[in-house]
Amino acid sequence: MRYTTYNTINNRDNNEILFRDAEHERFCLQSLEKCRWCDVYHEALVYCLGIDRDTREHIDRIYDFRSGDVKPECLHEGWKTSGSMRTVRMAFNLYCNGTPSVYGIKNLKDKLRECAEYSVSDLFCCGYAKYFWEAVKIRYPEYCG
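In my numbering, the protein residues as written are 346 to 490.
As structure tokens, this is what we get:
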């Protein structure tokens, strides 16, 4: 099922979705067309990854539109910033219902440290918090409507 109209993300129960800027909105529209499925998981993922300029520019390093897989190894690449790392973790959490970047870590302390990066206090302690909340509303419309 593919996205055919903009209304999929922006008119859920007549509640407007807040976009950070025109680039964020444009990115969402273009990326939703590439997604394999029309569901809240993909909507939240795309919305979230569109918040930050770096994640928009590196979307193919973060998510595989063809397979539908996230690419946790992107968190170890040189282009990331603290904001883009929060954005990726938030998007992964909403899309995967978990912490996929933890799975490849062998050392227990490192695994626990990475898992803690997904906490609400770590994710929401930034200027993107209001947009992260929008992503939560997209992902869980039945609870946030």
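The beta carbon of each residue, even a glycine, is placed where N, CA and C say it ideally should be. Small disclaimer: the values here were computed from a predicted structure and weren't measured.
CYS419 and CYS441 have their C-alpha atoms roughly 16 Å apart. Counting every other CB atom within 10 Å of its CB across the protein chains shown gives ALA367 a total below 16, marking it as exposed. Between the stretch 472 to 479 and the stretch 407 to 427, the count of C-beta pairs closer than 8 Å stays below three; the two stretches do not touch. Linking LYS482 to ILE362 through their CA atoms gives a straight-line distance of about 9 Å. Non-local beta-carbon contacts of HIS387 in its own chain, meaning distances under 6 Å to residues more than five positions away in sequence, involve CYS380 in chain order. Secondary-structure assignment with DSSP links VAL415 through a beta bridge to TYR408.
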